[in-house]
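Read through the structure below, which is laid out as structure tokens, and then see the notes.
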Amino acid sequence: HFNFCAGPAALPQPVLERARDELLDYQGRGLSVMEMSHRSAEFVAIAEQAERDLRELLAIPDNYRVLFTQGGATLQFASVPYNLLGRGGSANFLHTGIWGKKAIAEARHLFGAAPVVASSEANGHSAVPRQADIALSDDAAYLHYTANETIGGIEFDYVPQAVRPDGTEVPLVCDMSSSILSGPLDVSRFGVIYAGAQKNIGPAGLTLVIVRDDLLDQACAEMPSLMGYKAQAEAGSMVNTPATYGWYLAGLVFQWLKHDIGGLAAMDALNARKAEKLYAAIDGSGFYSNPIAPLNRSRMNVPFVLADDRLDKAFLAESERAGLLNLKGHRSVGGMRASLYNAVPEAAVDALIDFMADFERRNG
Ligand code: PLP
Numbered sequence: 004h005f006n007f008c009a010g011p012a013a014l015p016q017p018v019l020e021r022a023r024d025e026l027l028d029y030q031g032r033g034l035s036v037m038e039m040s041h042r043s044a045e046f047v048a049i050a051e052q053a054e055r056d057l058r059e060l061l062a063i064p065d066n067y068r069v070l071f072t073q074g075g076a077t078l079q080f081a082s083v084p085y086n087l088l089g090r091g092g093s094a095n096f097l098h099t100g101i102w103g104k105k106a107i108a109e110a111r112h113l114f115g116a117a118p119v120v121a122s123s124e125a126n127g128h129s130a131v132p133r134q135a136d137i138a139l140s141d142d143a144a145y146l147h148y149t150a151n152e153t154i155g156g157i158e159f160d161y162v163p164q165a166v167r168p169d170g171t172e173v174p175l176v177c178d179m180s181s182s183i184l185s186g187p188l189d190v191s192r193f194g195v196i197y198a199g200a201q202k203n204i205g206p207a208g209l210t211l212v213i214v215r216d217d218l219l220d221q222a223c224a225e226m227p228s229l230m231g232y233k234a235q236a237e238a239g240s241m242v243n244t245p246a247t248y249g250w251y252l253a254g255l256v257f258q259w260l261k262h263d264i265g266g267l268a269a270m271d272a273l274n275a276r277k278a279e280k281l282y283a284a285i286d287g288s289g290f291y292s293n294p295i296a297p298l299n300r301s302r303m304n305v306p307f308v309l310a311d312d313r314l315d316k317a318f319l320a321e322s323e324r325a326g327l328l329n330l331k332g333h334r335s336v337g338g339m340r341a342s343l344y345n346a347v348p349e350a351a352v353d354a355l356i357d358f359m360a361d362f363e364r365r366n367g
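Per full-length UniProt numbering, the sequence shown starts with residue 4, numbered consecutively.
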């Protein structure tokens, strides 16, 4: 079976196998990682190794802190403004789809104004705003955007610059839930990067935050203390009990990326190949289509529709019987969506393309 789920997503098979082998007895300690104290030497070693491997994979500079938190990307929609707006100013947003819209709604709910300073709404979220279209507000405290919109399948092809009209550069904040670790990244361009784990990192329940350390001192006083980046950084992400098992599995995923895949440049090449193949198959048919501008087509989430949506049900039933799981599009947009996260092997894409061609022959 191949799993194309948008999240929680497929995990690498070798990671699941190792977790199975270690489930009852972690390296002869006589207990499961799930049963360990988060403050035990064994677990602290697991946690520190995971952070070291992640730092190596993403070449995270020393002046950034890595937090292994909870609450999902959705809690970060609130945590980011709480942590960054303590000295006033407004959160500025780029709006390119449903997840960005939710982040905007949460900032407005908590802080009132949250200007959208560039949007792809006018083109139906089919092409991201260009740098020249982005005009920050005079009081911008930071600029937030969503690198990859998981539902719309639209991805930024560049890292925006966040400069106020007076020329001051402000921190760039990015929701990378569905694209982090899909390839190399220049972390130094960002103030805060966050991601729910359940796509390219590990199981749901863990949330990664990477924050530049000069941003740890501008939080709002009334913020719930568990949401504070500074407190979490100082406590090694153990202000309370962390998601220990998810953290361990994330560590196994980082090891897999390093040793089985060969790092993020290799992952990047593989992801490019997978996505190019599938988009080429869609574009080459008169039966399937994808509406996103080629420059902004997501490598991780490929939405597509059939020429006749009365065939959707048959497509989904038959694809599932063929072992191609979770191809149904998001309930808000319909159609199909194939998520091609890191753990989805090239063979899965080949099998999907073969199935699509066969379905088209029989129904097109
Ligand atoms: N942001 C993006 C880009 C997502 O894809 C998702 C979930 O799919 C979220 C935010 C919300 O994440 P969570 O469910 O971890 O709160």
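Glycine is no exception: its CB is placed at the ideal position from the N, C-alpha and C atoms.
Residues sharing a beta bridge with residue i, DSSP
i      : result
Val305 : Ala341
Ile157 : Glu152, Arg300
Arg215 : Tyr67
Ser335 : Looking at the DSSP assignment, Ser335 forms no beta bridge with any residue, so it has no partner.
Asn95  : Leu146
Ala121 : Leu97
Glu172 : Val166
Leu327 : Phe5
Ser292 : Val308
Asp263 : DSSP, once it has assigned bridges, lists no residue as partnering Asp263.
Thr72  : Thr210
Host beta strand (DSSP E) of residue i (start-end)
i      : result
Gly199 : 195-199
Reference residue i, options the options, closest by Cα
i         : options                        : result
residue 1 : Ala268, His41, Leu34, Asp312   : The shown model of the chain, from 4 to 367, leaves out residue 1, and the question about it has no answer.
Ala296    : Asp217, Ile356, Glu158, Asp271 : Glu158
Gly199    : Phe193, Leu309, Leu218, Met179 : Met179
Asp353    : Asn366, Gly367, Glu363, Leu327 : Leu327
Pro245    : Ser191, Tyr29, His41           : His41
Ala22     : Tyr251, Phe257, Phe318, Gly332 : Tyr251
Asn151    : Ala138, Gln164, Arg167, Val131 : Val131
Ser301    : Ser129, Pro11, Gly75           : Ser129
Leu273    : Leu260, Ile285, Asp28          : Leu260
Val69     : Ala275, His98, Ala53           : Ala53
Arg133    : Leu281, Ser140, Ser122         : Ser122
Tyr85     : Trp102, Ala106, Cys8, Tyr67    : Ala106
Ala253    : Pro206, Asp217, Ala283, Arg58  : Pro206
Thr247    : Glu349, Thr210, Asn366, Val173 : Thr210
Local Cβ density within 10 Å of residue i, reported as buried at 16 or more and exposed below that
i      : result
Met37  : exposed
Gln79  : buried
Gly170 : exposed
Tyr161 : exposed
Lys316 : exposed
Glu237 : exposed
Gly155 : buried
Asp56  : buried
Ala320 : exposed
Gln201 : buried
Arg215 : buried
Range of the contiguous alpha helix (DSSP H) that encloses residue i
i         : result
Val190    : Careful: Val190 lies outside any alpha helix (DSSP H) and carries neither H nor E.
Phe80     : 75-87
Phe362    : 349-366
Asp271    : 267-286
Ala234    : 232-237
Gln258    : 247-258
residue 3 : Only positions 4 to 367 of the chain appear in this structure, which leaves residue 3 out of reach.
Leu19     : 16-25
Short Cβ contact (8 Å threshold) for residue i with residue j
i      : j      : result
Ser82  : Pro118 : no
Phe307 : Met339 : yes
Ser240 : Thr77  : no
Asn299 : Leu184 : no
Ser181 : Met270 : no
Pro163 : Leu146 : yes
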